[in-house]
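Structure, as structure tokens:
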Amino acid sequence: MQLFQLRGLGVLSFLLATAFFLRADATDLDCNIMFCTLEYVPVCGTDRTAYSNVCELTIKACNDPANHLGIEHQGAC
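So for the sequence shown, UniProt numbering puts the first residue at 1; every next one is plus one.
Below is the structure:
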């Protein structure tokens with residue numbers, strides 16, 4: 001049961017991060033005021049780097065919009 005709750009939380013985090021980026025241009029975001037929880041739900045970025053959670057990947061993408069960083073898949077690379 002906990003696995004499904006964690007998976008659901010990871011999916012929810014992904015959807016929220018996606019909605020956040022769809023609503024605002026990267027130039028409108030202040031990456032310095034974003035912060036993440038210590039929750040460990042790893043994702044693999046399109047840069048083949050493992051991130052602890054979607055939020056950490058989102059901050060990396062915010063700070064380097066020219067890289068067009070996204071999620072390759074859930075779980076470590």
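Glycine residues also receive a C-beta, built at the ideal position from the N, C-alpha and C atoms.
field: Between the CA atoms of C55 and E39 - distance to the nearest angstrom
entry: Stepping through the sequence shown from its first residue, residue 39 is reached at position 39. Stepping through the sequence shown from its first residue, residue 55 is reached at position 55. If I take the Cα positions, the gap works out to 9 angstroms.
- request: Identify which residue in I59, F35, Y51 and A66 has its Cα closest to the Cα of E72.
  value: In the sequence shown, residue 72 corresponds to position 72, counting from 1. Looking at the Cα atoms, Y51 is the closest of the given residues.
task: May I have the straight-line CA-CA distance separating D47 from L69, to the nearest angstrom?
output: On the sequence shown, residue 47 is found 47 positions in, with the first residue counted as 1. On the sequence shown, residue 69 is found 69 positions in, with the first residue counted as 1. Between D47 and L69, the C-alpha separation is close to 7 angstroms.
message: Measuring straight from C-alpha to C-alpha, what distance separates L3 and V43?
response: Here residue 3 refers to the residue found at position 3 of the sequence shown. Here residue 43 refers to the residue found at position 43 of the sequence shown. The predicted model places L3 with a pLDDT of 48, which falls under 50 and marks its position as unreliable; any figure quoted below should be read in that light. Rounded to whole angstroms, L3 to V43 spans 16 angstroms at the Cα level.
Range of the contiguous beta strand (DSSP E) that encloses V43: Counting from one through the sequence shown, the residue named residue 43 turns up at place 43. Element bounds for V43: V43 to G45.
- request: Take L57 and list the residues in its own chain whose beta-carbon comes closer than 6 angstroms to its own, dropping the five residues that flank it on each side.
  value: If you number the sequence shown from 1, residue 57 lands on position 57. Hits under 6 angstroms: V43, G45 and Y51.
query: Quick one: is N67 buried, meaning 16 or more other Cβ sit within 10 Å of its Cβ, or exposed?
result: Taking the sequence shown and counting its residues from 1, one reaches residue 67 at position 67. Classification of N67: exposed, given that the 10 Å Cβ count is below 16.
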